[in-house]
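As you go down the protein sequences, you meet chains A and B in turn. Here the numbering used here is used: position 188 in the first sequence is 216, and no number is missing along the way. Here the numbering used here is used: position 194 in the second sequence is 222, and no number is missing along the way. Where a beta carbon is used, it is the ideal one built from N, C-alpha and C, also for glycine. Only a predicted model underlies this, so the values are computations on that prediction, with no experimental measurement involved. First the structure, in the form of C-alpha cells, and then the observations on it.
There are 2 protein chains.
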Amino acid sequence: MKAANKHTKIIHAATKVFAKKGFFNARISDIAKEAKVADGTIYLYFNNKFDILISVFEEEIGALIEQVKKLLSTEDDPRKMIEIFARNHLSVMKKNKYLAEVIQIELRQSAKLIKDYRNNKFSEYVDIISSIIKLGQERSIYRATIRPGIAKRAFFGALDEISRVWTVGISTEYSVEEATQQILEIFLCGILEPDASLI
Amino acid sequence: MKAANKHTKIIHAATKVFAKKGFFNARISDIAKEAKVADGTIYLYFNNKFDILISVFEEEIGALIEQVKKLLSTEDDPRKMIEIFARNHLSVMKKNKYLAEVIQIELRQSAKLIKDYRNNKFSEYVDIISSIIKLGQERSIYRATIRPGIAKRAFFGALDEISRVWTVGISTEYSVEEATQQILEIFLCGILEPDASLI
DNA sequence: AAATAGTGAATGGCTATTCATTCATTGTAT
DNA sequence: ATACAATGAATGAATAGCCATTCACTATTT
C-alpha cells in the first residue's frame, strides 16, 4: 500500500541531499538512495524534482511555524516574544543543519528556480516577527518610529546570517544562548554605550 | 589583440546572466550572446564556467571594498562610519541589482558549488564592519559586551535581507535613506521605547 | 607570412523522466 | 485450505534531450 510515511521519508531524504549538494547537483537517484526507495518510486509521490523542493519548503517550514506559534501562545510580553522567536529559530537551525542549509540557500533561489511559486509559508514565518513588533508598539513597549516591515527583515536577516556559522565550516563558534543574548542586546538596546553621547 | 576590456565585458555580461537565471540555468551561450562574443571566446579568457563565477565575485566585490574603504577613510567617528557602510551598501545594492542578486544568491552557494574556494573578498568586506565596531569599543562608544564577530553578522545580515526587497519583485518599497535610517536606529538605539521599563 | 585572436558547429557526458515488468497483498472460487 | 486472479505499489534500465567544452577553421593584426 502507498504508505504515507514513504512520502515523509522522501521529504527528509531530499532535505538532506539538497542541503549537502544543492538543488541542481542533487540527483534523483541520490534522494532515492538516501530514502531507500527506487528512483521511479519518487514519481509516485511527487510530480518532478521541483515538486520535491517545494514540498520540502512547505512541510518543513510549516512545522517550524506551528512550533514557534505554539511557544508564543503562552507568552504575552512582546519583549519575551521576540526572545522566544530568536531562541527558537537559532536552536532549530543549530540542531537541524540540513533544514538550515535549505532555508539559507535553496529557498533564496526558489523564486528563480520555480516560476510563479511564492513562498507563502516563508512569508508567513517572517511575518510573525512584524506582528510581534506591532503588538509591542500598540503597548508602547517598542518605538513607534520603527517600521515593522523593515525591522522584520533586519531581525530575520540578522538571525539568518548568524546561524550560517553553524552550517558552513566556519571556525568561529558560539552557542545558541550566546547568539540569542547578543541578538537581543543589539535589537532591544542597540550597540551604543548608554552614555556615549559624551565625546 | 586580446583586449583587456573583453574580459570585463564578459564579467559584466556574466553578472547579468547569473543574476537573471542563476548559475545553473545560465548557459555559456547566454553569456556569450550578452557579451556579444562567440561561445568559444569565453574560454580564451576563463578556464570554465566556475571560473567566471569566481571572477565575478572577486572583481565586483573587490571594487565594492575599494569604494567603501575610500569613503570610510575620510571619517573618524565610529557612529558615522557604521552609517557610511550601511548607506553605501544599500545604495550600491539598489543601484546595481544584478550584483545584489549575485551576492545574495550565488555567493551563498559558492562554497557548495566550488570545492575549496573560500570567499576571501567577501569575508574581507564583512570584516570591515567588525573592525568599525572594535574601533568604537576602544573609544568606549560601542558597548564592550557586544561581540564584534557576532554583531558584524547581524549587521550584514540585516542589510542584506533589507536590500532583497529591491531584487525580488516585492510590492513594499522604501528608499535607501529610509532603510539606512531604520537600520541605524535599530542598531544604535535598539527597538525599545526608551522608557519602556515601565509597564 | 607568421602569429595571435576569434568563431561556432560538433562532441561527449550526464541525468530527469518514463514505462514495461516484477512483487506483494487481498479477494474469490474451488 | 488451496489455487487463482486482480490490484496497485515498487523497480530500475532505457530513452531522450540538454549543454559545457573542444577544436578545426577563419579573420585580423604585426
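- Boundaries of the alpha helix (DSSP H) around I112 (chain A): 106-123.
- Among the CB atoms of chain B, none fall inside 8 Å of the CB of Q95 (chain A).
- With a 10 Å radius around the Cβ and a threshold of 16 neighbouring Cβ atoms, G50 (chain B) comes out buried.
- In the three-state reduction of the DSSP assignment, Y73 (chain A) falls in the helix class, which pools H, G and I.
- The beta carbon of Q132 (chain B) lies closer than 7 Å to those of D188, R192, T195 in the same chain, with the five residues before and after it left out.
- Any Cβ of chain B closer than 8 Å to the Cβ of A186 (chain A) would place that residue at the interface, and such an atom is present.
- Cβ-Cβ separation between F150 (chain B) and I89 (chain B): approximately 6 Å, consistent with a contact (criterion under 8 Å).
- Residues of the same chain with a CB within less than 8 Å of the CB of I174 (chain B), apart from the 5 flanking positions on each side, are I161, Q165 in chain order.
- Only D105, R107, I110, E129, Q132 from the stretch 103-132 of chain A bring a Cβ to less than 9 Å from some Cβ of chain B.
- With the rule of 3 Cβ pairs closer than 8 Å, the stretch 113-130 of chain B counts as touching the stretch 198-215 of chain B.
- Assigned with DSSP and collapsed to three states, Y126 (chain B) falls in helix.
- Chain A has no Cβ within less than 8 Å of the Cβ of L92 (chain B).
- Annotation: the continuous alpha helix (DSSP H) that includes V204 (chain B) extends over 204-212.
- Listed as beta-bridge partners of Y170 (chain A) by DSSP are B:L220.
- Excluding residues up to 5 positions away in sequence, A47, T195 lie with their Cβ nearer than 6 Å to the Cβ of E129 (chain A) in the same chain.
- Note on Y145 (chain A): under 16 other CB atoms within 10 angstroms of its CB, so exposed under the neighbour-count rule.
- For A54 (chain B), the three-state secondary structure derived from DSSP is coil.
- According to the DSSP assignment, E87 (chain A) belongs to no alpha helix (DSSP H), since it is labelled neither H nor E.
- The criterion of a C-beta distance shorter than 8 Å is satisfied by L92 (chain B) and Y153 (chain B).
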